[in-house]
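Numbering-wise, the sequence shown is residues -22 to -1, 1 to 559 according to mature numbering (1 follows the signal peptide of the UniProt record, and there is no 0).
Where is the CB? At the ideal position from N, CA and C, for every residue including glycine.
Please read these numbers as outputs of a predicted model, since none were measured by experiment.
Reading through the structure tokens given below for one structure.
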Amino acid sequence: MNIITFLTTIFIYAQLIILAASQSGIESGKDYNIVSVLSGKYVTAASNGNVQQYEKLNNDKSQIWRLESAGNGRFAILQGNMAMTVENGNNNNGNNIYMSEYRKTTAQHFSINRADNSYYIVAQCTVNAALDVFDQSKENGANIDQWDYWGGDNQKFYIFPAGQDGPSNGSTNGSNGAYLFAFFQGNAPEKEQLSYALSTDGYHFNILNNGNSIWKSSVGTGCLRDPFILKGEDGTYFLLATDMRSYSGWDSNRNILTARSTDLIHWTNVSLIEVCNKYPIFQRGDRAWAPQAIYDPEKQAYMIYFAVRVPSNGNKTIMYYAHSKDMTRFDTTPQLLFAPKNGNEAIDADIIYQGGRYYMYYKDETRKTINLALAEHASGPYQEIKQLSDNGIEVEGCNIYPVVGTNKWLMMSDAYVNGYFVLQETTDLVNFRTLNRNTYGFNFTPRHGYVIPVSPSQYNALLKAYPSRGMYTINVPTTTTTVKKTTTTTAPVNTSGAVNEIPYSYPYCKTTKDVAFDDGTLQWGVENDNWCIIKGQSAQKCNCWAQKLGYPCCTEKVIYYSDGDGDWGFENNQWCGIMKC
């Protein structure tokens, strides 16, 4: 090897080391705070030499860490001449992390690896063991040890410049996807209230409001279970829930709770839909459980569906439905929606519309499994297809939602006997793969609830309304409004993440006065699956290309996913095509 080749090799190697360090986003020689994603508590050098987590201490040096490059993309994590050190200096699970004099050993050098908007930290002396909050604790004083990396929030840490109040937007998740999980927490009255959690990937959820509920019912029993949220045709959010105080008995509830919101924060129009005492079909009925809804275009109304038990159906709890224009009352007499042909009971149904078919996921209450049934119409008849949950585990409260930006869907269900949730993944809505519990997580223990996609700005607004330790805002993609001048009235177009100048011109709305979208200049309605202007004038018609593929048109222009067919949104619990004009 000649001298030029040798020097070139050294230069490239040095650049690779610099690149490895820079990709972590960490700068050598600077001071940082390290905060557990699970607990929101700060990694702290305790007086006894252990490394622990503890709540934030004002300007305390025990929580400030100087990160110095140790070469090969690794760092020493220092305080003065003392360094974080892996006890025993080997790969064993459970090795404690403690402070010792910095001697530049492999037990004191760590790779700092990106994990979405946080990091996991692995010592050079190990193969795959990462720093870990012992026993997934959220308590002050919990030790930091090492354990084989499995992706849990107790193994992830926010790292940001010392003195900064949490990570900046630039260091947080920049995806267009976010998720809200609405649920209740337990059987005590103070747990039978609405609680929220957020996620940026659909797999890992963190509870809001520091673990407290965010809203309490003011009607009926004063409690709620099985909350469900639907984004209505006009953009309004509707809440449905079981009006039940479990301390009064499992056969004690007769009604359904309903409320509405424009922002998922302020709930109004809180009322009850009377079920068991009002209709002859439900005479002597003793439960109205887990209500949900889907828009039924054939009836131009919402189909509310729920489980009821009455003596006339053999004392079996099975699924019924009724239609409603405004989600505050039944406008039709309830009818039977679904009962398994083998005579088993069926509860906790979740219905979505995809590709011209309705998919009903439900709990076989007799066998304690999650099953699938299909139909051509929202109200059935439904054909039983297959069992989806694994044998040997009792599950309920299933709900299915898309993983934004992919072709994957996740189904979540409550393994209520075991005390954890099960996640299953699918790409065709029929065949599911049960995920390893190491690949998803909750920093709380939820009960039956529902997940909906939300925008990054909604994520941030919810976090602002219900802050929680260790949670931070996410990036909001830039939205640019452009106007193209034509000979007719033109409409501003919102585009997500890109600047496009597209001529949008539409006819007046002929009949509707319902505002589906207000861009600040014009008010928009939808007629025959096409946009129309409530205030304005034009004559060009848009192409609802998604209908040819069996999907509806979007009423908004928020892009979640793009492919060869076009831009996709997600509304009313289903994918929709963003119209081309």
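At the level of alpha carbons, what is the spacing between residue i and residue j?
i	j	result
G547	G383	10 angstroms
N36	D328	48 angstroms
D110	G419	15 angstroms
V373	Y215	27 angstroms
I137	F183	19 angstroms
R44	V21	13 angstroms
V429	I122	32 angstroms
Y98	R92	7 angstroms
Q57	G67	19 angstroms
W267	G189	25 angstroms
K558	Q552	19 angstroms
V105	N69	6 angstroms
Q525	T533	13 angstroms
D543	C531	13 angstroms
V15	A108	14 angstroms
M77	P380	45 angstroms
E211	L401	29 angstroms
N396	R425	12 angstroms
I243	A443	7 angstroms
K491	M449	40 angstroms
E549	G213	9 angstroms
G7	L218	53 angstroms
A48	Y394	47 angstroms
I556	G334	18 angstroms
G18	W523	46 angstroms
residue 566	E505	Only positions -22 to 559 of the chain appear in this structure, which leaves residue 566 out of reach.
Q515	P205	With a pLDDT of 37 at Q515, under the threshold of 50, the modelled position of that residue is not reliable, and the figure given next carries that caveat. Whole-angstrom Cα-Cα distance: 42 angstroms.
G292	Q270	24 angstroms
N453	Q436	11 angstroms
Y157	G180	6 angstroms
V29	I12	12 angstroms
Assign residue i to one of two classes, buried (16 or more other C-beta atoms within 10 Å of its C-beta) or exposed (fewer than that).
i	result
H87	buried
D241	exposed
K134	buried
residue 626	Residue 626 is absent from the structure shown; the chain starts at -22 and stops at 559.
E117	exposed
D342	buried
R81	exposed
A166	exposed
G475	Low confidence applies here, because G475 scores a pLDDT of 33, under 50, leaving its location unreliable; read the following figure in that light. Result: exposed.
N59	exposed
E403	buried
E276	exposed
T405	exposed
E33	exposed
T63	buried
C554	buried
G503	buried
K52	Inspection of the sequence shows that residue 52 is occupied by Arg rather than by Lys. Per the 10 Å Cβ criterion, buried.
P431	buried
K209	buried
N231	buried
D545	buried
P434	buried
T236	buried
R228	Sequence inspection shows Trp at residue 228; the Arg mentioned does not correspond to that position. It counts as exposed.
N255	exposed
So residue i and residue j are in contact, right, with Cβ under 8 angstroms, and what is the actual spacing, rounded?
i	j	result
F422	M389	The Cβ separation is near 20 angstroms, so there is no contact.
F284	I234	6 angstroms
R265	R238	Not a contact, Cβ separation roughly 24 angstroms.
A353	Y336	5 angstroms
L172	S446	About 15 angstroms; that fails the 8 angstroms criterion.
C376	I330	Not confirmed; about 11 angstroms, so no contact.
E65	N71	With a Cβ gap of about 12 angstroms, E65 and N71 do not count as contacting.
E252	R203	With a Cβ gap of about 18 angstroms, E252 and R203 do not count as contacting.
L176	L413	Their Cβ separation, rounded to whole angstroms, is 20 angstroms, which puts L176 and L413 out of contact at 8 angstroms.
Could you tell me whether the Cβ of residue i comes closer than 7 angstroms to any Cβ of chain D?
i	result
L158	Absent from the structure: chain D. Only one protein chain is present.
In chain order, which continuous runs of the beta strand (DSSP E) of length 3 or greater are located wholly inside the stretch 81 to 123? List check, beta strand (DSSP E) in window: 88 to 93, 96 to 101 and 107 to 111.
Three or more C-beta pairs under 8 angstroms: does that hold for the stretch 196 to 203 against the stretch 214 to 225? Look at the beta carbons and you see the stretch 196 to 203 touching the stretch 214 to 225: at least three pairs across the two are nearer than 8 angstroms.
How about the stretch 361 to 379 and the stretch 296 to 314: do they share at least three Cβ pairs that are nearer than 8 angstroms? Fewer than three beta-carbon pairs drawn from the stretch 361 to 379 and the stretch 296 to 314 are found closer than 8 angstroms, and the two stretches are therefore not classed as touching.
Please give the ranges of any beta strand (DSSP E) in the stretch 215 to 292, keeping only runs that are unbroken, at least 3 residues long and fully inside the region. DSSP assignment within the stretch 215 to 292 yields the following whole beta strand (DSSP E) runs of 3 residues or more, N-terminal first: 215 to 220, 233 to 239, 246 to 252, 266 to 274 and 279 to 287.
Hey, which unbroken runs of the beta strand (DSSP E) at 3 residues or more fall wholly within the stretch 426 to 458? You should have 427 to 432.
Is there contact here, the stretch 290 to 299 with the stretch 315 to 335, by at least three beta-carbon pairs under 8 angstroms? Verdict: yes, contact present.
Could you give the uninterrupted runs of the beta strand (DSSP E) lying entirely in the stretch 14 to 48, keeping only those of 3 residues or more? If we require 3 residues or more, the beta strand (DSSP E) runs fully inside the stretch 14 to 48 come out as 20 to 23 and 29 to 32.
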